[in-house]
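Q: 1 is the number of the first residue of the sequence shown in UniProt numbering; add one for each residue after it.
Structure provided below as structure tokens; questions to follow.
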Amino acid sequence: MNNRQAEMIELFSSIQGEGMLVGLRQIFIRLCGCNFTCNYCDTESNVSVEFCQMEGTPGRRDFIQVKNPVALERLTCLISGWQRGWPGIHHSISITGGEPLLHYELLQEWLPVLREFLPIYLETNGVLHKELSQVISHIDHVGMDIKIPSTSGCADLWKDHEAFLRIAAAKNVFVKAVIGNNTEDWEIIKASEIIASIDNAIPLILQPLTNPDGKIDIAPVKMLELQETASIFLKEVRIIPQTHKFIGQL
Ligand code: SF4
């Protein structure tokens, strides 16, 4: 890990706001850069930022600005100190972005070190399957997207999502799909068929689109209809909104 550096957005301690691990406390490592520009993106995902934010005390929001790139040794020392000072408060380390698998070479070296502290949770847009195959052995949980065209604006990623899920299925994986008023049945059927072709017990989370003002305006009946459609193919279909949007980013 000597001399390795990470292009960071932020490092902090908070509650997971989405998906199957919702409510659990995690250390978030948010890496710069993304291969997409989704309509609903709420992170500065596609830019390399000059300074990142690093929290000094877990959960106290005493951020300092640190110039990018940041030495892995520095980041690892901070996490190690949190583990010693606040043992047991964190469930896992969330590796997120942007798209963290853009940094798979760095993760190949860093994840085994981080995994000595806590289990590793990868939050990913679910297409970079070759990169995933390089790091999957160092990961415990995978939360992957299937990009629904009507909400994301991304088209025809189905084959990449399928190849990705085949690899991710070796771990504790769930799939998240962001749905909105314009989401059509065929999109949910397509996503569900892909998941079911690998394992129909893999959970699917339908996440209602949150507007920039923090509100959800998809009709409850529409959500339930889409849940019913997916449930034809899958054993576990949940509707979970982005909880951090209405309780505030903790
Ligand atoms: S994949 Fe995620 S981080 Fe990237 S643009 Fe889409 S929502 Fe933003």
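Glycine included, every Cβ here is placed at the ideal spot set by N, Cα and C.
(1) Check the DSSP bridge columns for N172 and list the partner residues they point to.
(2) Short check: CB of L204 to CB of G97, under 9 Å?
(3) Do you know whose CA, among T151, I95, A219, lies nearest I188's CA?
(4) Please classify S231 as buried or exposed, where buried requires at least 16 neighbouring CB atoms within 10 angstroms.
(5) Just to confirm my understanding: we take Q242, look at its own chain, exclude 5 residues before and 5 after, and list those with CB closer than 8 Å. What are they?
(6) Indicate, with yes or no, if the ligand SF4 has a heavy atom lying under 8 Å from the CB of N182.
(7) Would you check if the stretch 119 to 130 and the stretch 53 to 71 touch, i.e. whether three or more CB-CB distances between them fall below 8 Å?
(8) Is Y40 near the ligand SF4 - that is, is its Cβ less than 8 Å away from at least one heavy atom of it?
(9) Report, in whole angstroms, the separation of the C-beta atoms of I136 and I95, which I expect to be a contact under 8 Å.
(10) Using the beta-carbon count (16 or more within 10 Å), is M8 buried or exposed?
(11) Report yes if the CB atom of L75 is closer than 9 Å to the CB atom of L11, and no otherwise.
(12) Cβ-heavy atom distance between F164 and the ligand SF4 below 8 Å?
(13) Measure from the alpha carbon of F164 to the alpha carbon of each residue in I195, I240, A155, then state which is nearest.
(14) Using C-beta distances below 6 Å, list every residue in its chain close to V237, excluding the 5 sequence neighbours before and after it, in chain order.
(15) What did DSSP end up calling K147 once you bin it into helix, strand or coil?
(16) For V175, count the other beta carbons within 10 Å of its own beta carbon; 16 or more makes it buried, fewer makes it exposed. Which is it?
A: Taking the structure as given:
(1) H141
(2) no
(3) T151
(4) In summary, S231 is exposed, with fewer than 16 beta-carbon neighbours lying within 10 Å of its beta-carbon over all protein chains present.
(5) Taken in chain order, the residues that qualify are G17, E18, Q207, T210.
(6) no
(7) no
(8) yes
(9) Wrong, their Cβ atoms sit about 12 Å apart, outside the cutoff.
(10) Around the C-beta of M8, 16 or more other C-beta atoms lie within 10 Å, and the residue is accordingly described as buried.
(11) Between L75 and L11, the C-beta spacing is below 9 Å.
(12) no
(13) Residue I195 is the option with its Cα nearest to F164.
(14) L204, Q227, A230, S231
(15) coil
(16) buried
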